[in-house]
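Numbering (our numbering), first residue to last: 997 to 1115.
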């Protein structure tokens, strides 16, 4: 049994635009469609085999946090793919982050968690 599987729900302004962006620009794959609260939602999988469900939520702005193992690698990958990055990578108390938007205006934070405590 794989206990490392990660599952995340992302709230986006436009499900169709966001899903196409993650597949076409970021290389995610369609895994399957699932039903959540009576609505069929796409479930995408990234290269790390993490699963992400996309739910359209036009009523309010959400900031979706996604984890990575290498923020700088992903920053340069995003630049190559012309992803709208909101500034350079930033150091925060919980790690290194990149903020970006998808074409529908949904906001994401890519987080490489780091432990800054003295050993």
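In this text, a Cβ means the ideal position worked out from N, Cα and C, and glycines have one as well. The structure displayed is predicted, hence computed values, not measured ones.
CB of residue 1106 within 7 Å of CB of residue 1064, strictly: Result yes, Cβ atoms of residue 1106 and residue 1064 sit closer than 7 Å.
Three-way DSSP call (helix, strand, coil) for residue 1003 in this model: Strand.
Spatial distance of residue 1036 from residue 1051 (CA atoms): Cα to Cα, the separation comes out at about 9 Å.
Segment limits, beta strand (DSSP E) that includes residue 1072: Counting along the chain, residue 1072 falls outside any beta strand (DSSP E), though it belongs to the alpha helix (DSSP H) covering 1067-1076.
Within 7 Å, strictly: CB atoms of residue 1015 and residue 1038: Going by C-beta atoms, residue 1015 is nearer than 7 Å to residue 1038.
Where the alpha helix (DSSP H) through residue 1017 begins and ends: Here the alpha helix (DSSP H) through residue 1017 covers 1011-1020.
Buried versus exposed, by CB contacts within 10 Å (16 or more), residue 1082: Looking at its Cβ environment, which holds fewer than 16 other Cβ atoms inside 10 Å, residue 1082 is exposed.
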